[in-house]
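Take a look at the structure below.
Written as structure tokens, this is what we have:
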């Protein structure tokens, strides 16, 4: 366990060679006004470099905060233990194999590396300009008197549970470190938390890995109005859109954070592989515990970007595995569950850094995505000198790591792991009207933020129909596909449309895709089985459109495969495909009607359902080869007001559409009768529960 003695000070760059001189007034050189900029690589526009005085009171105050530490927390007699992490939650128990924690590596120099980050940030600030004034409480700097006052008002001496540990941490250390870290890294002209924010969770999400504290990047409107800070640069806007959470915190009560538990977590680093606790239900997983948050999947997924190219923490060598000590065996399960929980929280938020705080002790952790490894620091005592420097470096390191990874995503290509849901199953993404108006660009399986650079999509099928649904004209076919053929879906200025570009051999084709029912649906496939199913469904839409069946099926925007931005090589088409369709709504016959409730199904609507199926049969198609009828959940009641010329009923899920042979004509009649029987057996719910937009005014 790394710890400095009370009289030991971290490197001061040779800047403090004389005793600090008396505090300066408001008109001192260190308080001159200058325009800040939210970029750690650029100097403030109005700030002038100066030879920083080694006897500066401001510098002495900053170094004094760097040496700041919390008092030793005693265990209250009525202390309540933390038991919430003794069993892994469904989210991390069902994590895909690609995302599970595989190794834990103890890095003895972890804390020293973080302290160096803080020292480097301070030195970079001093080389560019003077530090802001720290002599008055109105300056915003966490000077000694302010820290003592907040400490007295915190429940640090009566810690009874995990919540009081968390509250004390928020009031006595993290708020101070945010001010220092943000001012140094963003080179602000006044002491302020600036664009950085730390907050606790507001409400638990059931079945999810929810951390106790979050480091985020914000743009405060109030601070903008007061002209304390300029607006975020485009670089940081993109970072904020991709990585809303820069780091996570997990808090435990003092008893749960017993030193033996922390020692056991270091012992886990000696194991060759981390003993991950997963679901033991096997093939019966979704039967034993169906979970709506998992969408019925046996695995859960989370967006995973690249690792930073420049690490703020040096990698150490793995220690030789050996047997656990007797004291560690007792706490093995508890320590393992805590580490698994923190890893799941980092995965969910795609964060690289995490902190485990139990009042008297801390552990800092870093996630390495490439090898699914967790780096952990030595056990840190919060009452040891230098805690302010350590936490400041931790915050800056998390910000720099996110900035590095954001720049990689900007330069492309987009990683296949950057996805909204489990890519090993068919996914369905809905782009809402609000999202499209905000300029969110469409990617295969990804809806990115407005600031994200555009992405090209290569047309997959050689003869791609480009449907101009807004003009009412018949589908147009583009020239044969080649390596220069791309589709590019972008936002249009008009709120009612989305423009799609197709560039073929240097010639640009432009068409307007109607907003349909206020959104588009994107169906994705990545594994072989899903790809074949999606290809089959798209081919079915092509066959139906060529046969003149258009009123009872969704409009097709296109079929795409992902290609990197910047003209990179195309990804193999069998790795990731997307089918873009009109969103015809979510109100199916099955959802609107329930057997044994309310009145019977309207005869007019039932006839329209059968008429839609008859259109398929008249074009010599069957919904499926099983002749079991169309499932009621695949018969969608279209919003009549937006499409008055259509039937009001749409059939979806057409992947099984087939042409019966001459000897199998009986299948059409059997399918028709089976569907008719299903419709006769359903009854309508109360009319007050029906969306008026879904009811045909003629009925």
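Numbering (my numbering), first residue to last: 869 to 1567. Beta carbons: idealized from backbone N, C-alpha and C, even for Gly.
For residue j and residue i, believed in contact at Cβ under 8 Å, the rounded distance
{"i": "residue 1582", "j": "residue 1228", "result": "Lying outside 869 to 1567, the shown extent of the chain, residue 1582 is not represented and no answer is given."}
{"i": "residue 1082", "j": "residue 1274", "result": "Not quite, the Cβ-Cβ distance comes to about 17 Å (not below 8 Å), so this is no contact."}
{"i": "residue 1417", "j": "residue 1449", "result": "About 15 Å; that fails the 8 Å criterion."}
{"i": "residue 925", "j": "residue 1002", "result": "7 Å"}
{"i": "residue 1145", "j": "residue 958", "result": "The pair is not a contact, with the Cβ atoms about 12 Å apart (cut-off 8 Å)."}
{"i": "residue 1493", "j": "residue 1521", "result": "The Cβ separation is near 14 Å, so there is no contact."}
{"i": "residue 1457", "j": "residue 1503", "result": "5 Å"}
For residue i, the first and last residue of its enclosing beta strand (DSSP E)
{"i": "residue 1222", "result": "1221-1225"}
{"i": "residue 1067", "result": "1064-1068"}
{"i": "residue 1081", "result": "1081-1085"}
{"i": "residue 1033", "result": "Premise fails: residue 1033 lies in the alpha helix (DSSP H), 1030-1037, not in any beta strand (DSSP E)."}
{"i": "residue 974", "result": "971-974"}
Beta-carbon proximity of residue i to residue j, cut-off 7 Å
{"i": "residue 1115", "j": "residue 978", "result": "no"}
{"i": "residue 1526", "j": "residue 1480", "result": "no"}
{"i": "residue 1064", "j": "residue 1046", "result": "yes"}
{"i": "residue 1216", "j": "residue 1077", "result": "yes"}
{"i": "residue 1240", "j": "residue 1476", "result": "no"}
{"i": "residue 929", "j": "residue 1011", "result": "yes"}
{"i": "residue 1008", "j": "residue 1059", "result": "yes"}
{"i": "residue 1180", "j": "residue 985", "result": "yes"}
{"i": "residue 990", "j": "residue 1056", "result": "no"}
{"i": "residue 1208", "j": "residue 960", "result": "yes"}
{"i": "residue 1172", "j": "residue 1237", "result": "yes"}
{"i": "residue 1141", "j": "residue 1117", "result": "no"}
{"i": "residue 1015", "j": "residue 1258", "result": "no"}
{"i": "residue 1133", "j": "residue 1203", "result": "yes"}
{"i": "residue 1199", "j": "residue 1129", "result": "yes"}
{"i": "residue 1256", "j": "residue 933", "result": "yes"}
{"i": "residue 1248", "j": "residue 1230", "result": "yes"}
{"i": "residue 1085", "j": "residue 1108", "result": "yes"}
{"i": "residue 1137", "j": "residue 974", "result": "yes"}
{"i": "residue 1487", "j": "residue 1415", "result": "yes"}
{"i": "residue 1131", "j": "residue 1226", "result": "no"}
{"i": "residue 1260", "j": "residue 1049", "result": "yes"}
Residue i, buried or exposed, once every other Cβ within 10 Å from all chains shown has been counted against 16
{"i": "residue 1368", "result": "Residue placement at residue 1368 cannot be trusted, given a pLDDT of 39 that sits under 50; what the coordinates show is reported in the next sentence. When all chains shown are included, residue 1368 counts as buried."}
{"i": "residue 1143", "result": "exposed"}
{"i": "residue 1004", "result": "exposed"}
{"i": "residue 1529", "result": "exposed"}
{"i": "residue 1545", "result": "exposed"}
{"i": "residue 1269", "result": "buried"}
{"i": "residue 1534", "result": "exposed"}
{"i": "residue 1541", "result": "exposed"}
{"i": "residue 966", "result": "exposed"}
{"i": "residue 1160", "result": "Since pLDDT at residue 1160 reaches only 38, below the 50 mark, its modelled position is unreliable, and the value read off the structure follows with that caveat. The residue in question, residue 1160, is exposed, as its Cβ has fewer than 16 Cβ neighbours within 10 Å."}
{"i": "residue 1501", "result": "exposed"}
{"i": "residue 914", "result": "Any reading at residue 914 must be qualified, since the residue scores a pLDDT of 31, below 50, and its modelled position is unreliable; the value itself is stated next. Exposed, because fewer than 16 other Cβ atoms sit within 10 Å of the Cβ of residue 914."}
{"i": "residue 1531", "result": "exposed"}
{"i": "residue 1021", "result": "exposed"}
{"i": "residue 1496", "result": "exposed"}
{"i": "residue 995", "result": "exposed"}
{"i": "residue 1548", "result": "exposed"}
{"i": "residue 976", "result": "exposed"}
{"i": "residue 1013", "result": "exposed"}
{"i": "residue 1100", "result": "buried"}
Opposing strand residues paired with residue i [DSSP bridges]
{"i": "residue 1233", "result": "1222 and 1244"}
{"i": "residue 1249", "result": "1229"}
{"i": "residue 1119", "result": "1225"}
{"i": "residue 1264", "result": "According to DSSP, which records beta bridges pairwise, residue 1264 is partnered with nothing at all."}
{"i": "residue 1412", "result": "Looking at the DSSP assignment, residue 1412 forms no beta bridge with any residue, so it has no partner."}
{"i": "residue 1503", "result": "1519"}
{"i": "residue 1113", "result": "1084"}
{"i": "residue 1526", "result": "1490"}
Boundaries of the alpha helix (DSSP H) in which residue i is found, first to last residue
{"i": "residue 1217", "result": "1200-1217"}
{"i": "residue 1517", "result": "Where residue 1517 is concerned, there is no enclosing alpha helix (DSSP H), although the beta strand (DSSP E) it sits in stretches over 1517-1519."}
{"i": "residue 1549", "result": "Segment: none, residue 1549 is in no alpha helix (DSSP H) and carries neither H nor E."}
{"i": "residue 1104", "result": "1102-1110"}
{"i": "residue 1078", "result": "Counting along the chain, residue 1078 falls outside any alpha helix (DSSP H), and DSSP gives it neither H nor E."}
{"i": "residue 981", "result": "978-996"}
{"i": "residue 1057", "result": "Neither: residue 1057 is in no alpha helix (DSSP H) and is coded neither H nor E."}
{"i": "residue 934", "result": "925-934"}
{"i": "residue 1532", "result": "Residue 1532 -> no alpha helix (DSSP H), and no H or E assigned at all."}
{"i": "residue 1138", "result": "Neither: residue 1138 is in no alpha helix (DSSP H) and is coded neither H nor E."}
{"i": "residue 1014", "result": "1012-1021"}
Contact test: residue i Cβ vs the ligand MG heavy atom, cutoff 6 Å
{"i": "residue 1471", "result": "Judged by which ligands are present, the structure shown has none, so any question about the ligand MG falls away."}
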